[in-house]
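*Asks:* -1 is the number of the first residue of the sequence shown in the working numbering; add one for each residue after it. The beta-carbon is built from N, C-alpha and C at its ideal position, and this holds for glycine as well. Please see the structure below; I have some questions.
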Amino acid sequence: MRMFLVTFRRTVTDGRGHDHRVVQRRLPVAAVSETAATWEAKARFCQDLGIPDWRFRADECAVDEMRATAA
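Here is the structure:
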């Protein structure tokens, strides 16, 4: 299986009207594909926070494959 790092972010506006993308949570996920990792992370995000839809707490979900590094 491949390892992915799934990052959930929310865009918030500061007092001066500037938007900032704030990380809500990062989850490492072992999956066979990027799509499978996305679905698994969304399910875990919802379960961990007790919400029915991940979009209640985040605006975007980004998936990056984690490359193995030699020791």
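Are the Cβ atoms of Cys74 and Phe2 separated by less than 7 Å?
*Replies:* Beyond the ends of the chain as shown, which are -1 and 69, falls residue 74; an answer cannot be given.
*Asks:* Would you list the residues sitting across from Phe2 in a DSSP beta bridge?
*Replies:* Val27 and Glu63
*Asks:* Buried or exposed: which applies to Ala29, given that a residue is buried once 16 or more other Cβ atoms fall within 10 Å of its Cβ?
*Replies:* buried
*Asks:* Please list, in chain order, all residues of the same chain as Glu38 whose beta carbon is under 7 Å from its beta carbon, the five residues on each side excluded.
*Replies:* Val27 and Ala29
*Asks:* Where does Arg42 fall in DSSP's three states?
*Replies:* helix
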